[in-house]
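**Q** Quick note on numbering: the sequence shown equals residues 3 to 167 in the working numbering.
By construction, the Cβ of each residue, glycine as well, lies at the ideal position given by its N, Cα and C atoms.
After the structure tokens below, expect a handful of questions from me.
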Amino acid sequence: MENQIEKDMISIFTQSVSSNFEDVKYSEEKINNLYNDSNKEEYIRILLKLIMYPYNENNENKNVYDSTLNRNVKVSMLISIKNFIKKSIHSNLENMELSTDMCIFIKHICLHVLLDINNEDIKSLQKYFFEILVNLLEFNICDDYDYLLFYIIILYINDYNYIDL
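See the structure below:
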């Protein structure tokens, strides 16, 4: 079942970067439906998995989506997650639409990408992971760990001169 959801999501996000206006319009509607669905957290997990999958050496589907899951599609996925988080924060300041566990999961993935990944393809997406992380830290500070994350981000920016992020 998850494989079918993955294929559907790749199809939707591939259409979102199409040069055909009708495909883009159709995909926009489908993406909005994903984030309005009660399973939106599971969909976000799948999106993050798809973005990261080729870099997990243990993944048996390592090369399955190589022909369709290019950088533009991954950027589209990341921007959709970022926009959902921003919209969620600004439209509902008292209560985030994502669970605390999901926020922690997303923060973990973002930090992993920013600090641990050596793959150039993923490093080229750092800007988007950074924006997601900052948006989550803006609103969803769960514990002392998040303050530590914020401090690490500041050090990261200073050490690597990522002012343009």
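Looking at Asn74: is its Cβ nearer than 8 Å to the Cβ of Val19?
**A** yes
**Q** Exposed or buried, which one is Asn154 when buried takes at least 16 other CB atoms within 10 Å?
**A** The amino acid occupying residue 154 in the given sequence is Ile; Asn does not appear at that position. It counts as exposed.
**Q** Looking only at its chain, what residues have a beta carbon closer than 6 Å to the beta carbon of Leu167, apart from the 5 residues adjacent to it on each side?
**A** Annotation note: pLDDT 48 at Leu167 (below 50); position unreliable, no value reported.
**Q** Quick check: the Cα distance between Leu36 and Ile48, rounded to an integer number of angstroms?
**A** 12 Å
**Q** Between the C-alpha atoms of Leu113 and Asp103, what's the straight-line distance to the nearest angstrom?
**A** 15 Å
**Q** Look at the alpha carbon of His110 and the alpha carbon of Ile124, and state the distance between them as a whole number of angstroms.
**A** 15 Å
**Q** Report the CB separation of Phe23 from Ser78 in whole angstroms; it is logged as a contact under 8 Å.
**A** Beta-carbon to beta-carbon, Phe23 and Ser78 are separated by about 15 Å, too far to satisfy the 8 Å threshold.
**Q** Rounded to whole angstroms, what's the CA-CA distance from Met54 to Asn121? Just pull it up for me.
**A** 10 Å
**Q** Less than 8 Å between the C-beta atoms of Ile46 and Ile12, yes or no?
**A** Cβ atoms of Ile46 and Ile12: not closer than 8 Å.
**Q** Using CA coordinates, which residue listed in Asn41, Asn72, Asn34, Phe152 is at the minimum distance from Asn137?
**A** Phe152
**Q** Would the beta-carbon of Leu127 fall within 8 Å of that of Lys51?
**A** Leu127 places its beta carbon 8 Å or farther from that of Lys51.
**Q** For the alpha helix (DSSP H) that Glu4 lies in, which residues bound it at each end?
**A** 4-18
**Q** What is the rounded straight-line gap between the Cα of Asn41 and the Cα of Ser21?
**A** 29 Å
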